[in-house]
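Protein chains in written order, with our numbering: chain Y, 1 to 241; chain A, 242 to 740. Don't be surprised by glycine CBs; every beta carbon is placed ideally from N, CA and C. All of these numbers come straight from a predicted model, not from anything done at the bench. For reference, the structure discussed in these notes is given below.
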């Protein structure tokens, strides 16, 4: 069946649905849509508390310089030699990748070689080799576009220089989050977000909302980490940007 | 080290538990399986604790429930307009939209796409809508390899088993059985460490996922005003990032009006399903990846699936479609906790499914009628609708799921499901109405109707009750009918109090 026929068939069936009885539905409660008015420090505290409950870890850096040092120290102590990373221009702290390079840590921004979906076998093979080549890199480094204090959630907008694979492929994910990007709730972030309808298509094809490390509970409801994505999530909150 | 377990649905030796073909036999088997019931009791108990803890620091549950119910009902009331708006927004962002009136149309579309792109390997994440269309078998028939990304689905696939819970499909499996399964099929050493067992799946899935060209998954909600697809299953995260083509399958009811609705529904789902403040991973897809992006799907397809849902709306059962598939009603149901999801139907089930499954198109797995006679279609179509008030008269359901007609009766109507449902679906009310519709449609045979009349007579007057018991047993209508207590409750109460 052609999609047009299916469309018309489904819409015709829906048109035959008897009108529902008029019901006085309650409005969205204030408790859901409320926008708390909080000081920045209180927001940070609430965010890291919620993040910790979601099994994420965190550090607070008082300045971008300290954030670079904090990151470098963490990677060096972990013996990390390579990181998958967003492009330098997309990170909220300048000079991060250069600092890592000085320490001998290579930053790779993944760009799988596939320009379209024609999927010739030779194209797929090149892509496969590339992905398997970067699969073992242990750490992913990203920024974040927002965080929600109520739930400890990070919002990562993707696009050029901001690959999805950085926060999916490695076993550990480190996020540089500017303190002024923390919103009280997801509602507050959505209210200030430019309407998607007004955005050019190429600017925001996808956004990831991360709340803690990759978690699943498929065997005896016991929580396990890292099956589908990074099993560890560490957030460096950068103040004074 | 080996871990010896006895053979049962929750601790299988292989081949796995052969599922009896009708409801009554499945229930009898489940009730006779102590290991299964122990597993269900433990796991559903944990889930209930998690659900309660999840709402400890949220806005009052009743307020969230009322708001969610209002938004879901509003979406259903405006369904045609919202779906058309969603289609327009999605197409404007480069998404290919396909409307599938039934499961076969959805399967054909995805198969044709896979053939056209010469795909030999498909990654399929956990999604009720995808399981509903029977895609795995269709792909296998087309010699296309299917990789299941959710650990529970992976276990069931290896074992040839069927799901028992909407969120935790392998809820009936114990770790002892999982480790035996992995040793046998994957040649890995046995362990009882659940993180290690999950790591085995991670290792096995990683490369095939990165090598695949096409992924298929579900949608938690699609936003009409923006065309945004919210993907929240978590197990799809790597596949959507790495495969160049992604197909998202959604039921027609999985649309919501505004982006801000997600701020209510995502936490509500996560708290109800597992006590988390949010799903650990949500991907908001607003279109295919642009040419200058490094990854993400270059081709994004949205399949909008009806497959009987519009009939549910027409017959007055639309409330059941407001379900967000969190599994909370399963976890509290005293019937589910005894028999498990596999007893309900060959594709699993629980309280909410007792409403929808008898009304939806036939299952891909053959279900026999058991002791219940299958009514003639013409009798069903002649049936009169049950009485209702406050809405336009609704047409009578053309009940085509006779083998699953017992499901609405598999309930104590205790209302625990409605109390925990995050969208406040009144499941007992729907079940009672469906019982009436099934009876009106002739789904009850003569024997069942006679038994019900007898029961009504026997319970209308306390004096009749002993006669009813004697009659049922002496007539051998129900040889297993229990012996009644020697005294009525009131008589016992008076005796104890010396009244």
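Test item: CB-CB of residue i and residue j under 9 Å
i                      : j                      : result
residue 172 of chain Y : residue 230 of chain Y : yes
residue 390 of chain A : residue 415 of chain A : no
residue 602 of chain A : residue 377 of chain A : no
residue 509 of chain A : residue 565 of chain A : yes
residue 49 of chain Y  : residue 136 of chain Y : no
residue 84 of chain Y  : residue 163 of chain Y : yes
residue 563 of chain A : residue 306 of chain A : no
residue 560 of chain A : residue 467 of chain A : no
residue 405 of chain A : residue 292 of chain A : no
residue 516 of chain A : residue 294 of chain A : yes
residue 210 of chain Y : residue 166 of chain Y : no
residue 600 of chain A : residue 644 of chain A : no
residue 324 of chain A : residue 545 of chain A : yes
residue 673 of chain A : residue 659 of chain A : no
residue 179 of chain Y : residue 44 of chain Y  : yes
residue 331 of chain A : residue 470 of chain A : yes
residue 440 of chain A : residue 226 of chain Y : yes
residue 693 of chain A : residue 649 of chain A : no
residue 412 of chain A : residue 598 of chain A : no
residue 703 of chain A : residue 505 of chain A : no
residue 512 of chain A : residue 284 of chain A : no
residue 498 of chain A : residue 690 of chain A : no
residue 100 of chain Y : residue 71 of chain Y  : yes
residue 214 of chain Y : residue 521 of chain A : yes
residue 496 of chain A : residue 316 of chain A : yes
Where residue i sits in the DSSP three-state scheme
i                      : result
residue 39 of chain Y  : coil
residue 147 of chain Y : strand
residue 550 of chain A : helix
residue 320 of chain A : helix
residue 556 of chain A : coil
residue 218 of chain Y : coil
residue 234 of chain Y : strand
residue 701 of chain A : helix
residue 339 of chain A : strand
residue 99 of chain Y  : helix
residue 295 of chain A : helix
residue 426 of chain A : helix
residue 371 of chain A : helix
residue 606 of chain A : Legend: pLDDT at residue 606 of chain A = 44, less than 50; position of this residue unreliable, value from coordinates given subsequently. Three-state result, residue 606 of chain A: coil.
residue 157 of chain Y : strand
residue 466 of chain A : coil
residue 58 of chain Y  : strand
residue 242 of chain Y : Residue numbering for chain Y in the displayed model covers 1 to 241; residue 242 of chain Y lies beyond these limits and cannot be assessed.
residue 48 of chain Y  : helix
residue 710 of chain A : helix
residue 611 of chain A : Per-residue confidence for residue 611 of chain A stands at a pLDDT of 37, beneath the threshold of 50, marking its modelled position as unreliable; no derived number is given.
residue 326 of chain A : helix
Assumed close pair residue i, residue j - CB separation to whole angstroms, cut-off 8 Å
i                      : j                      : result
residue 575 of chain A : residue 655 of chain A : 6 Å
residue 143 of chain Y : residue 106 of chain Y : Contact doesn't hold; Cβ gap of about 19 Å is too wide.
residue 473 of chain A : residue 507 of chain A : 7 Å
residue 462 of chain A : residue 433 of chain A : With 8 Å as the limit, residue 462 of chain A and residue 433 of chain A do not qualify as a contact, their Cβ atoms being about 38 Å apart.
residue 278 of chain A : residue 579 of chain A : 6 Å
residue 394 of chain A : residue 410 of chain A : 6 Å
residue 47 of chain Y  : residue 149 of chain Y : 4 Å
residue 158 of chain Y : residue 110 of chain Y : The Cβ separation is near 12 Å, so there is no contact.
residue 61 of chain Y  : residue 555 of chain A : 59 Å between Cβ atoms; not a contact.
residue 695 of chain A : residue 646 of chain A : Contact flag wrong, Cβ pair sits at about 20 Å.
residue 396 of chain A : residue 363 of chain A : Not quite, the Cβ-Cβ distance comes to about 19 Å (not below 8 Å), so this is no contact.
Query raised in the report: Does the region 457-466 of chain A come close enough to the region 481-500 of chain A that 3 or more CB-CB pairs lie under 8 Å?
Result: With the cut-off at 8 Å, the region 481-500 of chain A and the region 457-466 of chain A touch.
Requested in this report: Select from the region 522-540 of chain A all residues with a C-beta closer than 8 Å to any C-beta belonging to chain Y, and list them in chain order.
Outcome: Those residues of the region 522-540 of chain A that come within reach of chain Y (Cβ to Cβ, closer than 8 Å) are 522, 523, 524, 525, 526, 527, 528, 529, 530, 531, 532, 533, 534, 535, 536, 537, 539 and 540.
Query - Contacting positions in the region 548-567 of chain A - beta carbon closer than 8 Å to chain Y - result: For the region 548-567 of chain A, which is checked against every Cβ of chain Y, the residues closer than 8 Å are 551, 552, 554, 555, 557 and 559.
Query raised in the report: Are the region 646-660 of chain A and the region 548-557 of chain A in contact at 8 Å, needing three or more beta carbon pairs?
Result: Verdict: no, contact absent.
Report task. Mind checking the region 316-332 of chain A against chain Y and listing, in chain order, the residues whose C-beta falls within less than 9 Å of any C-beta there? Result -> Within the region 316-332 of chain A, 317, 318, 320, 321, 324, 325, 328 and 330 place their CB atoms closer than 9 Å to a CB of chain Y, listed in sequence order.
Query raised in the report: Do the region 222-240 of chain Y and the region 53-67 of chain Y meet, that is, are 3 or more Cβ pairs less than 8 Å apart?
Result: Verdict: yes, contact present.
Query raised in the report: Do the region 479-488 of chain A and the region 533-544 of chain A meet, that is, are 3 or more Cβ pairs less than 8 Å apart?
Result: With three or more CB-CB distances shorter than 8 Å, the region 479-488 of chain A counts as touching the region 533-544 of chain A.
Requested in this report: Pull out every residue of the region 670-699 of chain A whose Cβ sits closer than 9 Å to any Cβ of chain Y, in chain order.
Outcome: Residues: none.
Query - Contacting positions in the region 131-159 of chain Y - beta carbon closer than 7 Å to chain A - result: If you check each beta-carbon in the region 131-159 of chain Y against every beta-carbon of chain A, the ones closer than 7 Å belong to 131, 132, 135, 151, 152, 153, 158 and 159.
Query raised in the report: When you check each C-beta in the region 216-241 of chain Y against every C-beta of chain A, which residues fall closer than 8 Å?
Result: Flagged, chain order: 216, 217, 218, 219, 220, 221, 222, 224, 225, 226, 227, 228 and 229.
Query raised in the report: Using a Cβ cut-off of 8 Å, which residues of the region 372-392 of chain A contact any Cβ in chain Y, in chain order?
Result: Residues 390, 391 and 392.
Report task. Taking only beta carbons into account, state which residues of the region 413-425 of chain A come closer than 9 Å to chain Y, listed in chain order. Result -> Listed by position along the chain: 414, 415, 416 and 419.
Query raised in the report: Name the residues in the region 93-105 of chain Y whose C-beta lies less than 8 Å from a C-beta of chain A; which are they?
Result: So nothing in the stretch comes that close.
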